[in-house]
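In this text, residue positions in the sequence shown follow my numbering: the first is 3, and each later residue adds one.
Using N, Cα and C, we set each Cβ at its ideal position, and we do this for glycine too.
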Amino acid sequence: MILAAGRGERMRPLTDHTPKPLLAVRGKPLMQWPMEALVRAGFQHILINTAWLGERIQGHYGRSSPLQGIGVAHLRYSDEAQDFGYALETAGGIARALPQLAEVFWVVAGDVFVPEFTFDALAVEQFTVGNQLAHLWLVPNPPHNPLGDFGISQEGLALNLPKSQNAQTLFTFSTIALYRRAFFELPYCDIVPGNPQARAAPLAPLLRAAMDRGQVGATLYTGPWTDVGTPERLAQLNAV
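Structural data, given as structure tokens:
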């Protein structure tokens, strides 16, 4: 699943007429980088949730998108704006899409640039046979998030630690993760699968509660990673 429903307020005016995941980074739409990485790794069936200018994303890629030299992405959409008139946030959006998702699935935001990340099939196999509800990829803290989000234990568990000035204890959530369907069902999540009530809900509270139960794994990723959240960051990427 690629998250592509946000308004991109900090990217205005660029996002007034173009959804942020379609903004060009080094010659291709930002969201196409993870699409190509997923297909390259053998994950050809991708669901995209949309809201702001979602029709532009569907119009650009359609239901089947050939990716030159890589393969074909078979696409489905969860159009939150068409269904409800607004975006459902991350947990709400995943819950809405849940009936279309597999028992174990990847999620990545459509507005992060991670050109060297590999969506490893072995990671999926190991996660599937384990008992964790989620596995997150964390990155060293960027300047715009100096205190980080979560910690990592020596055993590879994600830790819900308080933020402090000692930034070495926490890392930033890359938005890349593996999830189990059960994580978005009772007793862990009280949103009905399919989210017919259109509840907008953030993901962090669910993750922190699961971390406190020891049910979330984590891996530190040290390759190139950028949260393309401002026009300045986008310009810097395209200047390289």
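Item: Nearest to residue 85 by CA position, among 180, 124, 197, is which residue?; Value: 197
Item: Name the DSSP beta bridge partners of residue 244, please?; Value: Beyond the ends of the chain as shown, which are 3 and 242, falls residue 244; an answer cannot be given.
Item: Using the C-alpha atoms, what's the distance from residue 50 back to residue 191?; Value: 21 Å
Item: Ignore the nearest five residues each way along the sequence and tell me which others in residue 102's own chain have a CB closer than 8 Å to its CB.; Value: 49, 78, 80
Item: From residue 112 to residue 183, what does the alpha carbon distance come to, in whole angstroms?; Value: 21 Å
Item: First and last residue of the alpha helix (DSSP H) that includes residue 98?; Value: 91 to 99
Item: Starting from residue 235, trace the alpha helix (DSSP H) in both directions and tell me its first and last residue.; Value: 233 to 241
Item: Between which residues of its own chain and residue 117 is the CB-CB distance below 7 Å, once the five residues before and five after are set aside?; Value: 35, 226
Item: To the nearest angstrom, how far is it from the Cα of residue 23 to the Cα of residue 239?; Value: 14 Å
Item: Can you tell me whether DSSP reads residue 193 as helix, strand or coil?; Value: coil
Item: Need the endpoints of the beta strand (DSSP E) that residue 136 sits in, please.; Value: 136 to 141
Item: Run through the DSSP bridge pairs and tell me what residue 114 is partnered with.; Value: 229
Item: My output table needs one value for residue 130: the three-state DSSP class, helix, strand or coil.; Value: helix
Item: Going by DSSP in three states, residue 54 sits in which element: helix, strand or coil?; Value: coil
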